[in-house]
Amino acid sequence: MDKPDPTHHTKNREKKESLSREERQKQLEFQHEAVVHLNTLYNYALHLTMNPSDAEDLVQETYLKAYRFFNSFERGTNCKAWLFKILKNNYINRFRKNSKEPGKVDYDLIKDFYHSIKDTRTDTSETDTDYFHSLLHEEVYQALHSLPEEFREVIQLCDIEGFTYEEIANMVESPIGTVRSRLYRGRKLLREQLEGYAKKYGFNTDNI
Amino acid sequence: MNCKKAGVFISASVDGELSLIEEQEFLLHLSECKECSLEFEEAKRTKMIIREKIIKFKAPQALISSIMQLTSFSTKEHEDTLLYE
Numbered sequence: 059m060d061k062p063d064p065t066h067h068t069k070n071r072e073k074k075e076s077l078s079r080e081e082r083q084k085q086l087e088f089q090h091e092a093v094v095h096l097n098t099l100y101n102y103a104l105h106l107t108m109n110p111s112d113a114e115d116l117v118q119e120t121y122l123k124a125y126r127f128f129n130s131f132e133r134g135t136n137c138k139a140w141l142f143k144i145l146k147n148n149y150i151n152r153f154r155k156n157s158k159e160p161g162k163v164d165y166d167l168i169k170d171f172y173h174s175i176k177d178t179r180t181d182t183s184e185t186d187t188d189y190f191h192s193l194l195h196e197e198v199y200q201a202l203h204s205l206p207e208e209f210r211e212v213i214q215l216c217d218i219e220g221f222t223y224e225e226i227a228n229m230v231e232s233p234i235g236t237v238r239s240r241l242y243r244g245r246k247l248l249r250e251q252l253e254g255y256a257k258k259y260g261f262n263t264d265n266i
Numbered sequence: 108m109n110c111k112k113a114g115v116f117i118s119a120s121v122d123g124e125l126s127l128i129e130e131q132e133f134l135l136h137l138s139e140c141k142e143c144s145l146e147f148e149e150a151k152r153t154k155m156i157i158r159e160k161i162i163k164f165k166a167p168q169a170l171i172s173s174i175m176q177l178t179s180f181s182t183k184e185h186e187d188t189l190l191y192e
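So the protein sequences, as listed, match chains A and B.
Going letter by letter, the first sequence gives residues 59 to 266 in our numbering.
Going letter by letter, the second sequence gives residues 108 to 192 in our numbering.
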C-alpha cells in the first residue's frame with residue numbers, strides 16, 4: 059500500500075471534523091427538540107397500533123424520517139406536533155395504503171397493564187357518590203376505544219396530548235371547525251359509554 | 108344563543124378554545140340556562156377523567172437506546188475515525 063500523503067490526510071481530517079461539527083450541532087438540537095418527546099410518541103403509537111412491536115417500528119421510522127428532514131422543521135413551532143404528524147403519516151402508509159393489517163392487536167397486554175394498576179375504586183371515601191371516581195382505568199380506556207377513530211383521535215390529541223385545535227387541525231388535515239365538532243360529538247359518545255359503566259355499578263346518573 | 112349551539116361551545120370552552128366574543132356569548136347563555144351550566148361542569152369533569160385515567164405508556168429501554176444511537180451515530184463514527192487515525 060502507498061504511504062498516505064500527509065497533507066492530503068490532514069485536509070481530509072479537517073473536512074471530516076468540520077462536517078462532524080455541523081452534524082453534531084444538528085444532533086444536539088435534534089435531541090433537545092425531538093428526542094425529548096420519545097415517551098409521548100411511543101405512547102401514541104401504542105394507542106394507534108395496540109401492538110408494542112408495531113409501535114416500536116413506527117417510532118423508529120418516525121425518528122429516522124424526522125432526523126433526515128430535520129432541516130425542514132420550522133424552528134419555533136411545536137416539534138411534538140411535527141413528530142406526531144410524521145408518525146401519523148407513517149402509520150397510514152404502513153397500515154392503510156398498502157392495506158396491510160397491523161400486527162395482532164395485543165388486547166391482553168393492555169388489559170394486563172390496566173389490571174396491574176391499583177383499583178382506585180377502593181380509596182375514594184369522600185367521593186363515594188361520584189361515579190366518575192369509581193371508573194377504572196381499563197373502563198375509560200375501553201370507552202375511548204369503542205369510539206369511531208375520527209372521534210377517538212381528536213380526543214386523544216386534545217385531552218391526553220394537550221395539543222391546540224390549530225395543531226390538531228393541521229395533524230388530521232381538517233378545518234378547525236371540524237375538529238371542534240368532532241370533539242363535541244366524540245365527547246358526547248364517550249360520556250354515554252361512561253354512564254353505561256356507572257349504571258352497571260348502580261350509580262344514579264339521571265341528574266347528570 | 109340556543110342550547111344546541113351552546114353544546115359545541117361547551118366542548119370548546121373546556122379546552123379554552125373560544126374566541127373572546129364567543130366566550131362572552133357563551134357565558135351569557137350559561138347565566139340564563141341551568142341545564143347548560145350543569146352540562147359545562149360535567150364536560151370539565153369528563154376531560155379530567157380522561158386525563159387522569161388513561162395511562163401513558165413509557166417507551167421500552169431498547170427503543171430509547173436505539174433512538175439515542177440513531178442521533179449519536181455520526182458522533183461515534185467521528186470518534187472512531189479520530190481513534191483510528
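Here a beta-carbon is modelled for each residue, glycine too, at the ideal position from N, C-alpha and C.
Under a Cβ-count criterion, where at least 16 other Cβ atoms within 10 Å of its own Cβ denotes burial, should residue i be classed as buried or exposed?
{"i": "Phe127/A", "result": "exposed"}
{"i": "Ala166/B", "result": "buried"}
{"i": "Gln168/B", "result": "exposed"}
{"i": "His90/A", "result": "exposed"}
{"i": "Thr98/A", "result": "buried"}
{"i": "Glu139/B", "result": "exposed"}
{"i": "Asn109/B", "result": "exposed"}
{"i": "Leu141/A", "result": "buried"}
{"i": "Lys257/A", "result": "exposed"}
{"i": "Leu127/B", "result": "exposed"}
{"i": "Arg210/A", "result": "buried"}
{"i": "Thr178/B", "result": "buried"}
{"i": "Lys160/B", "result": "buried"}
{"i": "Arg245/A", "result": "buried"}
{"i": "Ile157/B", "result": "buried"}
{"i": "Ser124/B", "result": "The residue you asked about is not Ser; residue 124/B is Glu in the sequence shown. Label assigned to Glu124/B: buried."}
Can you tell me whether DSSP reads residue i as helix, strand or coil?
{"i": "Ala166/B", "result": "coil"}
{"i": "Glu159/B", "result": "helix"}
{"i": "Asp115/A", "result": "helix"}
{"i": "Asn109/B", "result": "coil"}
{"i": "Ser126/B", "result": "coil"}
{"i": "Arg243/A", "result": "helix"}
{"i": "Ala119/B", "result": "helix"}
{"i": "Ala92/A", "result": "coil"}
{"i": "Arg238/A", "result": "helix"}
{"i": "Thr107/A", "result": "helix"}
{"i": "Ser78/A", "result": "helix"}
{"i": "Glu250/A", "result": "helix"}
{"i": "Leu194/A", "result": "coil"}
{"i": "Glu148/B", "result": "helix"}
{"i": "Arg152/A", "result": "helix"}
{"i": "Asn101/A", "result": "helix"}
{"i": "Phe221/A", "result": "coil"}
{"i": "Arg133/A", "result": "coil"}
{"i": "Thr178/B", "result": "coil"}
{"i": "Phe127/A", "result": "coil"}
{"i": "Cys143/B", "result": "helix"}
{"i": "Ser138/B", "result": "helix"}
{"i": "Ser232/A", "result": "coil"}
Residue i to residue j, Cα distance in whole Å?
{"i": "Asn109/A", "j": "Asp115/A", "result": "10 angstroms"}
{"i": "Tyr100/A", "j": "Lys138/A", "result": "12 angstroms"}
{"i": "Thr178/A", "j": "Ala113/A", "result": "Annotation note: pLDDT 41 at Thr178/A (below 50); position unreliable, no value reported."}
{"i": "Leu247/A", "j": "Leu86/A", "result": "44 angstroms"}
{"i": "Val198/A", "j": "Gln83/A", "result": "43 angstroms"}
{"i": "Ile144/A", "j": "Tyr121/A", "result": "9 angstroms"}
{"i": "Gln251/A", "j": "Gln176/B", "result": "43 angstroms"}
{"i": "Arg214/A", "j": "Glu80/A", "result": "Per the sequence presented here, residue 214/A reads as Gln, with Arg not at that position. Near 37 angstroms, if we compare the C-alpha coordinates of Glu80/A and Gln214/A."}
{"i": "Cys216/A", "j": "Arg152/A", "result": "24 angstroms"}
{"i": "Asp186/A", "j": "Met155/B", "result": "Its pLDDT being 43, under 50, Asp186/A is placed unreliably in this model, and the coordinates cannot settle the point."}
{"i": "Ser111/A", "j": "Phe133/B", "result": "46 angstroms"}
{"i": "Leu96/A", "j": "Asn147/A", "result": "17 angstroms"}
{"i": "Glu119/A", "j": "Glu253/A", "result": "39 angstroms"}
{"i": "Leu145/B", "j": "Leu205/A", "result": "24 angstroms"}
{"i": "His136/B", "j": "Phe131/A", "result": "42 angstroms"}
{"i": "Asp122/B", "j": "Ile218/A", "result": "12 angstroms"}
{"i": "Val94/A", "j": "Phe88/A", "result": "9 angstroms"}
{"i": "Ser172/B", "j": "Pro233/A", "result": "38 angstroms"}
{"i": "Ile175/A", "j": "Ile162/B", "result": "Because the pLDDT of Ile175/A is 46, which lies under 50, any placement of that residue in the model is unreliable, and the number read from its coordinates should be weighed accordingly. In a straight line, the C-alpha of Ile175/A is about 9 angstroms away from that of Ile162/B."}
{"i": "Ala227/A", "j": "Glu208/A", "result": "12 angstroms"}
{"i": "Gly134/A", "j": "Ala113/B", "result": "35 angstroms"}
{"i": "Gln131/B", "j": "Val212/A", "result": "25 angstroms"}
{"i": "Lys111/B", "j": "Ile174/B", "result": "48 angstroms"}
{"i": "Leu170/B", "j": "Val237/A", "result": "32 angstroms"}
{"i": "Met229/A", "j": "Asn136/A", "result": "12 angstroms"}
{"i": "Tyr149/A", "j": "Val117/A", "result": "10 angstroms"}
field: Three CB pairs or more closer than 8 angstroms across the stretch 87 to 104 of chain A and the stretch 192 to 205 of chain A
entry: Segments in contact, no.
query: Is it a yes or a no for the stretch 214 to 229 of chain A touching the stretch 237 to 249 of chain A, going by three-plus beta-carbon pairs under 8 angstroms?
result: Yes: at least three Cβ pairs fall under 8 angstroms.
message: Any contact between the stretch 131 to 150 of chain B and the stretch 110 to 119 of chain B? By contact I mean 3 or more CB pairs, one from each, below 8 angstroms.
response: Contact between the stretch 131 to 150 of chain B and the stretch 110 to 119 of chain B is established, with three or more Cβ pairs separated by less than 8 angstroms.
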